[in-house]
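Colleague: Shown below is the structure under consideration.
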Amino acid sequence: MGNREEFLTEVLRRVQRNYVHMVEIERLTKDMGDSLSRNDRESVELLLKMRGEEMDQAGEIRQEIRTILEAVDEEERKKFRSWLNGENKYEPDCFEARKIAELSGQTQQVLNRTISLDKVLNSKVAGKESYYQATS
Numbered sequence: 140m141g142n143r144e145e146f147l148t149e150v151l152r153r154v155q156r157n158y159v160h161m162v163e164i165e166r167l168t169k170d171m172g173d174s175l176s177r178n179d180r181e182s183v184e185l186l187l188k189m190r191g192e193e194m195d196q197a198g199e200i201r202q203e204i205r206t207i208l209e210a211v212d213e214e215e216r217k218k219f220r221s222w223l224n225g226e227n228k229y230e231p232d233c234f235e236a237r238k239i240a241e242l243s244g245q246t247q248q249v250l251n252r253t254i255s256l257d258k259v260l261n262s263k264v265a266g267k268e269s270y271y272q273a274t275s
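Residue numbering for the sequence shown follows our numbering, starting at 140 and increasing by one per position.
As structure tokens, this is what we get:
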């Protein structure tokens, strides 16, 4: 990848796509909760499949970001990882870097909300056999 600006733009594009997928995963998780409350198993199964596909796509994007990060020197990589992880170790130094840090923080918030909701749903469905009970 040529210059730093191109690199930043490519990472930002992927961070934006990842955010969109995470918001969709959150929406699908909420919809699953609604379907469970109506005892609509067919909808739950369809929503689980759709959510899995979104998770796969988000995973592919995160892998693309990791691959792009390999093209820069170690110091730049540390900065980007800090921004992507929502850490404040390095001050973003341009518009793209600020957007990467901002969207990464928002993505983390969406993820945290989704995990909280998923824990509740999983516990309702599986009780003591819940994935979250087993890993706590």
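For every residue, glycine included, the Cβ atom is placed at its ideal position computed from N, Cα and C.
1) Relative to the alpha-carbon of V162, which residue among K258, G244, V259, S262 has its alpha-carbon at the smallest distance?
2) Pull up the distance between the alpha-carbon of R201 and that of N157, whole angstroms please.
3) Since V162 is in the alpha helix (DSSP H), which residue starts that stretch and which ends it?
4) Could you check whether V154 and M171 sit closer than 7 Å to each other, using their CB atoms as the reference points?
5) Within 10 angstroms of its Cβ, does S255 collect 16 or more other Cβ (buried), or is it exposed?
6) On the three-state DSSP scale, how would you describe D257?
7) Starting from the Cα of R258, find the closest Cα among S174, T168, C233, T206 and give me that residue.
8) Using the Cα positions of K263 and D212, report the straight-line distance between them to the nearest angstrom.
9) Considering just the uninterrupted stretch of the alpha helix (DSSP H) at K192, what are its terminal residues?
10) Quick check on this structure: which residue in D232, A240, E235 has the alpha carbon closest to the alpha carbon of E226?
11) Straight-line CA distance for F234 to Q247?
12) Just tell me which of V150, N142, E144 has its CA closest to the CA of L208.
13) Candidates G198, R220, A210, W222: which alpha carbon is nearest N142's?
14) Which same chain residues end up closer than 7 Å to S174 when comparing Cβ atoms and leaving out the 5 residues on each side of it in sequence?
Modeller: Short version:
1) Indexing the sequence shown from 1 puts residue 162 at position 23. Of K258, G244, V259, S262, the residue nearest in Cα terms is G244.
2) Along the sequence shown, one-based indexing puts residue 201 at 62. Along the sequence shown, one-based indexing puts residue 157 at 18. Computed Cα separation, rounded: 7 Å.
3) Counting from 1 along the sequence shown, the entry for residue 162 is found at position 23. From DSSP, the alpha helix (DSSP H) with V162 extends over 143–176.
4) Taking the sequence shown and counting its residues from 1, the one referred to as residue 171 is at position 32. Taking the sequence shown and counting its residues from 1, the one referred to as residue 154 is at position 15. No, Cβ-Cβ distance for M171 and V154 is not below 7 Å.
5) As a first step, residue 255 must be located in the sequence shown, where it is residue number 116. Label assigned to S255: exposed.
6) Counted from its first residue, the sequence shown places residue 257 at position 118. Reduced to three states, the DSSP call for D257 is helix.
7) Counting from 1 along the sequence shown, the entry for residue 258 is found at position 119. A quick correction: the sequence has Lys, not Arg, at residue 258. Nearest of S174, T168, C233, T206 to K258, Cα basis: T168.
8) The residue labelled residue 263 in the question sits at position 124 within the sequence shown. The residue labelled residue 212 in the question sits at position 73 within the sequence shown. Each residue's alpha carbon lies about 47 Å from the other.
9) Numbered from its first residue, the sequence shown carries residue 192 at position 53. A small fix is needed here, since residue 192 is Glu in this sequence, not Lys. Residues 180–208.
10) Here the question's residue 226 lines up with position 87 in the sequence shown. It is A240.
11) Indexing the sequence shown from 1 puts residue 234 at position 95. Indexing the sequence shown from 1 puts residue 247 at position 108. So the alpha carbons of these two residues sit roughly 20 Å apart.
12) Locating residue 208 in the sequence shown gives position 69, where the first residue counts as 1. Taking only the C-alpha atoms, the option nearest L208 is V150.
13) Working through the sequence shown from its first residue, we reach residue 142 at position 3. It is A210.
14) The count along the sequence shown starts at 1 and reaches residue 174 at position 35. Excluding sequence neighbours, S174 sits near S182, V183, L186.
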